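Residue numbers (our numbering), protein chains in the order written: chain A, 1 to 294; chain B, 1001 to 1294; chain C, 2001 to 2421; chain D, 3001 to 3421; chain E, 4001 to 4308.
The next block holds one structure in the form of structure tokens; read it before the comments.
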Amino acid sequence: MSWLTEFPQLSRRDLLTLRQTLDEGYRSFSRSYGEAIENFFDPLLAFLVWFENLLVEAPWWVVIAAILGITHYAARSIKLTVGVGISLFLVGFFGMWEDTMSTLSIITVCTLISIALGIPMGILMARSHRAQSIITPVLDIMQTMPAFVYLIPVVMLLGIGKIPGLIAVIIYAIPPVIRLTNLGIRLVDKEVLEAADAYGVTPMQRLFNVQLPLAMPNIMAGINQTIMMALAMVVIASMIGVSGLGQPVLRSITNQYFTLGILNGAAIVVLAIIFDRVSQSYAKRSQRYMRSGS
Amino acid sequence: MSWLTEFPQLSRRDLLTLRQTLDEGYRSFSRSYGEAIENFFDPLLAFLVWFENLLVEAPWWVVIAAILGITHYAARSIKLTVGVGISLFLVGFFGMWEDTMSTLSIITVCTLISIALGIPMGILMARSHRAQSIITPVLDIMQTMPAFVYLIPVVMLLGIGKIPGLIAVIIYAIPPVIRLTNLGIRLVDKEVLEAADAYGVTPMQRLFNVQLPLAMPNIMAGINQTIMMALAMVVIASMIGVSGLGQPVLRSITNQYFTLGILNGAAIVVLAIIFDRVSQSYAKRSQRYMRSGS
Amino acid sequence: MTSPLIRIEGLYQLFGKNPQTHMHLVKAGKTKDEILAETGHTLGLKDINLEIQQGEIFVIMGLSGSGKSTLIRHFNRLIDPTEGRVIVEDEDIMELDAKSLRNFRQKKMSMVFQRFGLLPHYTVQENVAFGLRAQGVGKEEREKKAKQWLEDVGLAGYENQYPAQLSGGQQQRVGLARALCTDAEILLMDEAFSALDPLIRSEMQDQLMALQDRLHKTIVFITHDLDEALRIGDRIAILRDGELVQVGQPADILLHPADDYVEKFVRDVNRARALTVETVMKPPTHRIDAKTINDALAHMRSAKSGYAFYVNDEGYQGFVSEENLAKVAKEKGKEPLCEDYYEDSFVISPETPLEEVIPQTLDHDHPLPVVNEAGELTGELSRDDLVQVLTHTPTSDAAGNDDASEDEGTAKGTSKEPPAA
Amino acid sequence: MTSPLIRIEGLYQLFGKNPQTHMHLVKAGKTKDEILAETGHTLGLKDINLEIQQGEIFVIMGLSGSGKSTLIRHFNRLIDPTEGRVIVEDEDIMELDAKSLRNFRQKKMSMVFQRFGLLPHYTVQENVAFGLRAQGVGKEEREKKAKQWLEDVGLAGYENQYPAQLSGGQQQRVGLARALCTDAEILLMDEAFSALDPLIRSEMQDQLMALQDRLHKTIVFITHDLDEALRIGDRIAILRDGELVQVGQPADILLHPADDYVEKFVRDVNRARALTVETVMKPPTHRIDAKTINDALAHMRSAKSGYAFYVNDEGYQGFVSEENLAKVAKEKGKEPLCEDYYEDSFVISPETPLEEVIPQTLDHDHPLPVVNEAGELTGELSRDDLVQVLTHTPTSDAAGNDDASEDEGTAKGTSKEPPAA
Amino acid sequence: DCGRVTISNMNWNSAALMASIDQLILNEGFGCDAELVPGDTMPTGTSMVEKGEPDIAPEMWSNSMKDALDRGVEEGRLRYAGRSLSDGGEEGFWVPEYLVEEYPELATIEGVKKHVDMFEHPEDPDKSMFMGCPAGWNCQITARNLYNALNLEDAGFDLVDPGSGAGLAGSIAKSYERKEPWFGYYWAPTAVLGRYPMVKVDFGSGIDEEHYINCISKEECLDPEPTMYPPSPVWTVTTESFASEAPEAYDYLTKRAFTNDQMNELLAWMEQNQADGEFAAFHFLENYESIWTEWVSDDVADKVRDAL
Ligand SMILES: Nc1ncnc2c1ncn2[C@@H]1O[C@H](COP(=O)(O)OP(=O)(O)OP(=O)(O)O)[C@@H](O)[C@H]1O
Ligand SMILES: Nc1ncnc2c1ncn2[C@@H]1O[C@H](COP(=O)(O)OP(=O)(O)OP(=O)(O)O)[C@@H](O)[C@H]1O
Ligand SMILES: [Mg+2]
Ligand SMILES: [Mg+2]
């Protein structure tokens, strides 16, 4: 009996028909609605372009100064500020300033959008077991469905450029912040919540005054991972038209310029470390109570 | 003054020399040591090949039965076991059995290695601020340095195939479990630790009986992310010759067979969900106390 | 009686995975231990029926694990009962929707938790202001109020510390201040003073009682300290294994315990402090309203007592003894009794704790008159009565020494013989 | 005196970020509040010097926040002092390396935490066995022992529950069982009974004392309950704002408080229970060792007392009154005093709590003889002495009524006049 | 007048060079506002067909997505402007030059088969490795068919999938650096073959273009016969809208083409200088005037020259 050794499969012909029908279906869908969907994203695109130009075209020292300012405001750590300054300067010194600014612009936007969407999603998940059991597999899909699979469909719909890149990055980068917000909120001490409830807090107060602050360490871990994922997608995004550090990386690989790849990779890492350190020290500063434990 | 608008860069010539020297340096390194390094990994390679063959060549129903057995043992949930059975069957039914088994074999090994290395690293990090401040940037590099950057150097060193794929996957997938183990341990209630200390626990008892069990929710979140990352790397790994579901995905992208891509992507997702659900319900089962809170 | 502020009807609480399926065991009268052993479910409360009046301090006592905290948690619906109703101001709080419940919790009740329940990420002051914040009170006002209350509980100067930086008792006082800060009508206090030292504790008790006097708050108070319960409680409820065994006024419980359990429970209390004169005095048997000295003498003689309390329409007048009156009877037998013939004697008021009248009572061979604020003689307190009450024999009639030593398992030195020849 | 088991020398603890830099303020004698206001650092302990003997129950008391928990945490080095030394069995525990410290904690000390410190992921039984597990005791043995202790603290049946499923007092008992289960020599108990009801609490006290009697453990006990302190404590230390204000035996502290603070602290105690006869009895002034009845009578007359305690070489013999002896003096004046002439009288033993002898003392007009186990007359206890001690006037000499009412701010009914005409 | 133009900037050197040349010439010579858009072959091609963006793909190996491009042309969305490599791409099975120097017989397929044991398989010691073409590329089909036609399997070879172009290049680099044997599919002109000189293995069959088109390049080729690869068409592809809106610029694109020799020279220069497209484009425009002036009218050439 063949099924003992061979998996009972859909016949090759059926599989082919199935594939073709679906492919064709999607193609005609994208032709009819692509335009509309594309227009929908126009304002975002305009903003992305504006923001990228701002960073790329502003004098480099203005940009560095601004970044250092933000760093200092957020982290209040001289050491960190100096470190950020030096690494940004090195990035420029090795001739990667423009690419770095392009990447910085898109990643900033992606990260902010991911956080802005992710935290509420995480909250929703924490609030109901139903939501959790629906959202979790979706997150699994978002994280493991290879970007390559949806890259082409997205390109068919939206063309090549920043918007599909942004979408791909967000799809991939958003799950950690959602998951860890959920986890963090679920781990909040029941006794504390009960006390808050006893004073009749509104759901909003409960969330903003109790759950989120106490879930902060986990949420920050989620944000950290989201930043990491977003930056990890830089190269893939550059495959569909997002300019920045991804391109030289791809070039280095096809042409086997190791050093070029490593330099550009290092610039990505520098961005990652800056993003991460700044956000983490900001969070830590707002959690003073944690250090005062006995 | 040009530096006001132009970044003071390394001159093109210097940069070139630098790049060429480094490239050449790496090339000669790989020339002299590649062989030895490659040999070092031979046993692992042999194991990987053996394990893949085991999964691919064993009759499919034996494999499914084994997986269901593990699932049931770990999660003790009929619902989950049935779900896993159905999805595995569908994967086979759509003609992806072999690729799925290849992917399953390498991802299982990667995940296990990541956990086996990652948790101790996380523990180390939690134990000392020094270790934390050294390891954190390394993790940042591992997560954001694009795989593409080190793919070719690794291939030059080790050739294409499973070993470089495994290394790339682990480099990318290990950070979450390290980070969240660290976080989880750091969040353990100080009062509980103090109580344990007062009874003179050894560092090992402290770790295994108090810190790790109480950090479990976070560690499991880390393992979940590690699994997700590992599966997200399937396609990249297939770029350097790791067989499995990544190759059909790459094929689908170059040929615009969306359905093919989605089917194979879905098979990856199925693996992700199986891995994740099983590990999470195993963990949850061992944390009964969490549900009994008032 | 007006309708009660809080009414609990047929309340059951069974903890575990499937409380409903095991309720029949509870109803069938199985004990808590049996249910735990058979089903793994813990019986928290069993058929509680209770009424609490507006303005009273209602104390709940009982062994550890008897369900006190569980019961108090039902009052503001922090847990839902397995069965039964909780009615506050004629409203079944089980039927409140989320918003009304919130409102109810904000305005009606505030709670001190046994394990404090402070918010670790807020400073002490923010913690205290938390209830007000929930009510939407403005920052300035709530800070002012919080500061005030912090001072009242003796924590001025700690405003900006975090809970983890405080000692246990300090944390408890933060929880206390938080509850008092909200001005809620009903205070739920779960062992609110348990971590306090006696000085601060009695200060807090005073404050609480003053507050209650002033604002007529209703207070539900759990405590393990019988002295405290007797001191501040208007009524006391005693729980055992989730069942209500007795509800009553402090003296009631002390003097007429419903069963052995309650009796054991109250045995160790400092009666001298807990009981007032009222609760142990006897009716004034030596009361006379004779008009003349002779009349009085006749009275005393027939009663075979050597003294009497003279009372007229205006109330208690004075203490007279046969001996002294007899001396003047010959000359002035017909004259009316008046101040001149009264003797020095203490007069005690019915609300005074026994403790305070011990010396006087013991000093006098005759009973002391008990006179209320209106000046009426309401009773008399004899040395014997006092001694009897102070020596732990609530239910027996006569104050026998043997009784006392039987009662006290560890009694050592009450033998009539010298311990060693 | 043998060398003490635990010796604390010059211990300082300043909480905050930079304790060292602010130590000079502490040394300069600034108060806790000043230091807090100026530097944000909290003074936990200040120059503590203390010795605890092997086998004693040493009680630490003090206001909430006075540093008790902080002090006890130094004993097993859960926190390191800012300055000072802690010496246990002649070993400075600050100098132990990690391994010896571990060993020391496993074997020498076990601790009950104020906030319980249970392991939430372990069942009750596993929690109790935790100390043994740390010591490496085998599973079977530790389970057996844990079960035994759980039963002893009254939690049989709850073995497989998790701490979150228990009531506060039950959790505390789990912590207690855990500490007792390890057989450590030294027990550190931080408000170990605070969440217990009076019944279980006194049971636990009894168990603790029995244990101590049997195994001569050294126990450091923090409590807020003075009755408890007086009952179980061999010595009591009183802390205020991190400073040690008095260390002494219970009766010492009760009767000779070092300052106002301590006096206030002990004022509310139930003296009748706390004090033993010994501590308040007077020397036996009415002691006679006359050989004959006449001698005895002569003695009594010269002392102007109507009675006497007759004592010979064999110790206390009996109570005699002038009245009765006088009756027989004429006929048998020369005969030696013997049983025939003794009168019924209570004899009390010096260790008995006052409470137990109140009725007898009050019943008799004359003082009662206090006789120790060897049969010797060691003192006498009069009604007046008793009343004086029971009415809160530890330092004043005479037990005046006025005194009492002045002392007690809330006294109501002790006026000599009727409250209303 | 030619307006905004987007040029696909693919990540291998020849494509990047052409993209930059086009950008310079269109901007300076035709007054366009040309912009480079990064992207891989597939997304770029798809986007051109479906969304009409980017406008120009300077180096499109049409075999790699033949169906899609042909359909795009059919539907009037794309145009093949002209060959960008006039000789066409060179495909074949290659062995490293140093091997052939040692074993001259390796230049033919029979020689390779004879030395089959030399080509070690990394995962299976019983077999030898033949490195095929990455999954999904058109060449995967042709390489497989030729592998069958040449009976390489019987000879002991196993067709190994390198996974990606990068994997393929990496495996060449690895073997070359260690002077190990390597046998597999590759194409030229490429930076890799520029750096690592290889010898194309002769199948001894000559080119049978008809058979190649009808069978070898088809998935369902039942009876493959050996044939050398015919030159592979490499196109400049533009969108229909660009072609119709900027006919002059389009006209330039129809002419812009390199021979393989020219391109190899340029690639070698780029390789040597690790030059990016822009830098190389300047180098080209400055030093190879004779070539590019052929592509444009004189006044355009002047404008470009002025701008340099
Ligand atoms: N980790 C800490 N950080 C800062 N201050 C602390 C810390 N722990 C204790 N303190 C301070 O030290 C003082 C003494 O605290 P401790 O816990 O020893 O008091 P306590 O005598 O045990 O009081 P209680 O009876 O209320 O438990 C308090 O004022 C407290 O604020
Ligand atoms: N969340 C819970 N899950 C299971 N059992 C519980 C839970 N909460 C309380 N119980 C059980 O209910 C019973 C009553 O607990 P409760 O906390 O009301 O006691 P209590 O009277 O407040 O005792 P204590 O004086 O020790 O605080 C206990 O036996 C306890 O084990
Ligand atoms: Mg309770
Ligand atoms: Mg304390």
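Think of the CB as a built atom: it goes at the ideal place given N, C-alpha and C, for glycine as much as any other residue.
Every value quoted in this text rests on a predicted model; they were computed, and no experiment measured them.
Check	Outcome
Bridge-paired residues (DSSP) for Thr4006/E	Glu4035/E
Any heavy atom of ligand 2 within less than 5 Å of residue CB: hits in chain order	Ser1294/B, Phe2015/C, Thr2042/C, Gly2044/C, Ser2064/C, Gly2065/C, Ser2066/C, Gly2067/C, Lys2068/C, Ser2069/C, Thr2070/C, Gln3165/D, Leu3166/D, Ser3167/D, Gly3168/D and Gly3169/D
Identity of the residues DSSP links to Thr2218/C by a beta bridge	Ile2186/C
Three-pair Cβ contact test at 8 Å for the stretch 4106-4117 of chain E versus the stretch 4194-4202 of chain E	yes
Ala1283/B - DSSP class collapsed to helix/strand/coil	helix
Contact list for Val257/A against chain B, beta-carbon separation under 7 Å	The amino acid occupying residue 257/A in the given sequence is Tyr; Val does not appear at that position. Neighbours of Tyr257/A on chain B, chain order: Arg1019 and Asp1023.
Residues of its chain near Ala1168/B, where Cβ-Cβ distance is below 8 Å and the 5 sequence neighbours each way are ignored	Ala1147, Tyr1150, Leu1151, Val1154, Met1233, Ile1236, Ala1237 and Ile1240
At least three beta-carbon pairs within less than 8 Å, the stretch 4143-4152 of chain E to the stretch 4217-4227 of chain E	yes
Near ligand 3: Asp3080/D beta-carbon under 7 Å from a heavy atom	no
Host alpha helix (DSSP H) of Leu3230/D (start-end)	Leu3226 to Ile3232
Amino acids of chain C, ordered along the chain, whose beta-carbon sits closer than 8 Å to that of Pro213/A	His2121
Check: Gly2175/C C-beta below 7 Å from any heavy atom of ligand 1	no
Contacts around Met4018/E, its chain only, beta-carbon distance under 7 Å, and the 5 residues preceding and following it disregarded	Pro4058, Glu4059 and Ser4084
Beta-carbon contacts of Gly4052/E that lie in its chain and below 6 Å, excluding the five residues immediately before and after	Thr4239 and Ser4241
Within chain B, the residues that Leu3078/D reaches when beta carbons sit closer than 8 Å	Glu1194, Asp1197 and Ala1198
Counted within 10 angstroms of its Cβ, other Cβ atoms place Val1062/B as buried (16 or more) or exposed	exposed
Proximal residues, the stretch 4033-4049 of chain E versus chain B, C-beta separation under 7 Å	Met4042 and Thr4046
Exposed unless 16 or more other CB atoms sit within 10 angstroms - verdict on Ser4244/E	exposed
Cβ distance (whole Å) where Leu4193/E is taken to contact Asn4013/E below 8 Å	Their Cβ separation, rounded to whole angstroms, is 12 Å, which puts Leu4193/E and Asn4013/E out of contact at 8 Å.
Check: Gln2020/C C-beta below 7 Å from any heavy atom of ligand 4	no
Exposure label - Ser11/A; buried when at least 16 CB within 10 Å	exposed
Distance CB(Glu1052/B)-CB(Ile1106/B) smaller than 8 Å	yes
Partner residues on chain G for Glu1191/B, Cβ-Cβ distance less than 8 Å	Absent from the structure is chain G; the protein chains it does hold are A, B, C, D and E.
Residues near Glu3323/D by beta carbon distance below 8 Å, same chain, minus five either side	Gly3306
Gly4082/E - partner residues in DSSP beta bridges	Thr4236/E
Close-in-space but distant-in-sequence residues of the same chain around Gly1184/B (CB under 6 Å, 5 per side omitted)	Ala1215, Asn1218 and Ile1219
Alpha-carbon spacing of Gly2375/C relative to Glu2356/C, whole angstroms	20 Å
Contacts that Leu1205/B makes with chain D (C-beta to C-beta distance below 8 Å)	One point to set straight first is that residue 1205/B is Gln, not Leu, in the sequence displayed. What Gln1205/B touches in chain D: Arg3133 and Ala3134.
Stretch pair the stretch 2013-2026 of chain C + the stretch 2096-2105 of chain C: three plus CB contacts closer than 8 Å	no
CB contact below 8 Å: Thr202/A versus chain C	yes
Per-residue DSSP class, three states only, for Asn3312/D	strand
Euclidean distance between Cα positions of Gln1205/B and Gly2233/C	48 Å
Reference Phe1224/B, options Glu1194/B, Phe1275/B, Ile1268/B and Gly1265/B, closest by Cα	According to the sequence displayed, residue 1224/B carries Asn and not Phe. Measuring from the Cα of Asn1224/B, the nearest candidate turns out to be Phe1275/B.
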